[in-house]
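**Student:** Can you keep this structure in mind? I'll have questions shortly.
Residue numbers (UniProt numbering): 1 to 204.
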């Protein structure tokens, strides 16, 4: 390795004393611990090509840490970054590396990976929350349907009224009042009230 590359690794070791590991003479790995609700991390492997940083960018690989995320007490969700997420983060890291071509850029790249990963994690959590709320709305709508009755219209009320009167025999009773009962019988049975009320309703 060139002296400039060795110096950059030494600086990285001072910044990430517990997270950095030398894989071989040309490569290192850095564990990135994400600052999010669930404790999890990413492993960034960096290979130093001979012409880095003058004319080529470093070779970058990103993979999820094997450790399962630990969800904080009271948290609703746990999301573990996937290989697809890591691929997206790598593409972003390559863009940053190309922007910094010609100068040592590993720290800048690793910092950007961390920031982008945390933003990605938060976006996934928000998406899960939106899905949860949608499901709740659907369930609530179904529950509300159970309590909705058939709207009452004038036609439906009149149809019900006719059916009710037929079932109760009210119209027949009225016919009997008009045709068979004497005034005394009507008074004794209180049927005159029924008749008066019917007439009042019809007048209204």
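Backbone N, C-alpha and C fix where the C-beta goes; we use that ideal spot for every residue, glycine too.
None of the values given here were measured: they were computed from a predicted structure.
1. To the nearest angstrom, how far is the alpha carbon of residue 107 from that of residue 83?
2. Assuming contact is defined by CB atoms lying nearer than 7 Å, are residue 47 and residue 26 in contact in what I supplied?
3. Assess contact between the region 28-40 and the region 100-119, defined as three or more Cβ pairs (one per stretch) separated by less than 8 Å. Is contact present?
4. How about residue 45 and residue 104: do their beta carbons lie closer than 7 Å?
5. With H, G and I counted as helix, E and B as strand and the rest as coil, what does DSSP make of residue 46?
6. Between residue 64 and residue 86, how many whole angstroms is the CB-CB distance? I'm expecting something under 8 Å.
7. Could you pull the start and end residues of the alpha helix (DSSP H) that residue 110 belongs to?
8. Residue 32 by DSSP, collapsed to three states: which one?
9. With DSSP as the reference, identify every bridge partner of residue 63, one or two as the case may be.
10. Pull the bridge partners of residue 20 from the DSSP assignment, please.
11. Does the distance from the CB of residue 93 to the CB of residue 60 come in under 7 Å?
12. Please classify residue 87: does DSSP put it in a helix, a strand, or coil?
13. Let's test the definition: count the other Cβ atoms within 10 Å of the Cβ of residue 162 and tell me whether it reaches 16, buried, or not, exposed.
14. Specify, as a first and last residue, the run of the alpha helix (DSSP H) that residue 4 falls within.
15. For residue 264, count neighbouring C-beta atoms within 10 Å of its own C-beta (all shown protein chains included) and say buried if the count is 16 or more, exposed if not.
16. What would DSSP say about residue 100, mapped onto helix, strand or coil?
17. What number of angstroms, rounded off, separates the C-alpha of residue 159 from the C-alpha of residue 147?
18. Judging by CA-CA distance, which residue of 91, 90, 40 is the nearest neighbour of residue 66?
19. Quick check: what's the CA-CA separation for residue 141 versus residue 132?
20. Of the choices 79, 128, 145, whose alpha-carbon is the least far from that of residue 118?
21. Between which two residues does the alpha helix (DSSP H) containing residue 156 stretch?
22. Go ahead and pull the three-state DSSP assignment for residue 71.
**Tutor:** Let me lay it out:
1. Taking the first residue of the chain shown as position 1, residue 107 is located at position 107. Taking the first residue of the chain shown as position 1, residue 83 is located at position 83. Taking the straight line joining both Cα atoms gives about 22 Å.
2. Taking the chain shown and counting its residues from 1, the one referred to as residue 47 is at position 47. Taking the chain shown and counting its residues from 1, the one referred to as residue 26 is at position 26. It is a contact, given that the beta carbons lie within the stated cut-off.
3. yes
4. Reading the chain shown from its first residue, position 45 is the one you call residue 45. Reading the chain shown from its first residue, position 104 is the one you call residue 104. For residue 45 and residue 104, no; Cβs fall outside 7 Å.
5. Counting from 1 along the chain shown, the entry for residue 46 is found at position 46. Three-state result, residue 46: strand.
6. Here residue 64 refers to the residue found at position 64 of the chain shown. Here residue 86 refers to the residue found at position 86 of the chain shown. Yes, residue 64 and residue 86 are in contact; Cβ-Cβ is about 6 Å, under 8 Å.
7. For the purposes of this step, residue 110 is identified with residue 110 of the chain shown, where counting begins at 1. First-last of the alpha helix (DSSP H) with residue 110: 106-146.
8. What you label residue 32 is simply residue 32 of the chain shown in a count that begins at 1. Here residue 32 sits in strand by DSSP.
9. For the purposes of this step, residue 63 is taken as residue 63 along the chain shown, with counting starting at 1. Residue 63 is bridged to 43.
10. Against the chain shown, residue 20 aligns to sequence position 20. Answer is 30, bridged to residue 20.
11. Along the chain shown, read from residue 1 onward, the residue named residue 93 stands at position 93. Along the chain shown, read from residue 1 onward, the residue named residue 60 stands at position 60. Yes.
12. Your numbering for residue 87 matches position 87 in the chain shown. Residue state, collapsed to three classes: helix.
13. Residue numbering aside, residue 162 sits at position 162 when the chain shown is read from its first letter. Looking at its Cβ environment, which holds fewer than 16 other Cβ atoms inside 10 Å, residue 162 is exposed.
14. Mapped onto the chain shown, residue 4 falls at position 4. 3-15 is the span of the alpha helix (DSSP H), which, as asked, contains residue 4.
15. Only positions 1 to 204 of the chain appear in this structure, which leaves residue 264 out of reach.
16. As a first step, residue 100 must be located in the chain shown, where it is residue number 100. In this structure, residue 100 counts as coil in the three-state DSSP scheme.
17. Counting from one through the chain shown, the residue named residue 159 turns up at place 159. Counting from one through the chain shown, the residue named residue 147 turns up at place 147. Roughly 23 Å separates the two Cα atoms.
18. Looking up residue 66 in the chain shown gives position 66. Checking every option, the nearest Cα to that of residue 66 belongs to 40.
19. In the chain shown, residue 141 corresponds to position 141, counting from 1. In the chain shown, residue 132 corresponds to position 132, counting from 1. The straight-line gap from Cα to Cα measures roughly 14 Å.
20. Along the chain shown, read from residue 1 onward, the residue named residue 118 stands at position 118. Residue 118 has its Cα closest to that of 79, out of 79, 128, 145.
21. Translated into the one-based positions of the chain shown, residue 156 becomes position 156. Residues 154-168.
22. In the chain shown, the residue the question calls residue 71 occupies position 71. Because the pLDDT of residue 71 is 48, which lies under 50, any placement of that residue in the model is unreliable, and the question is left without a value.
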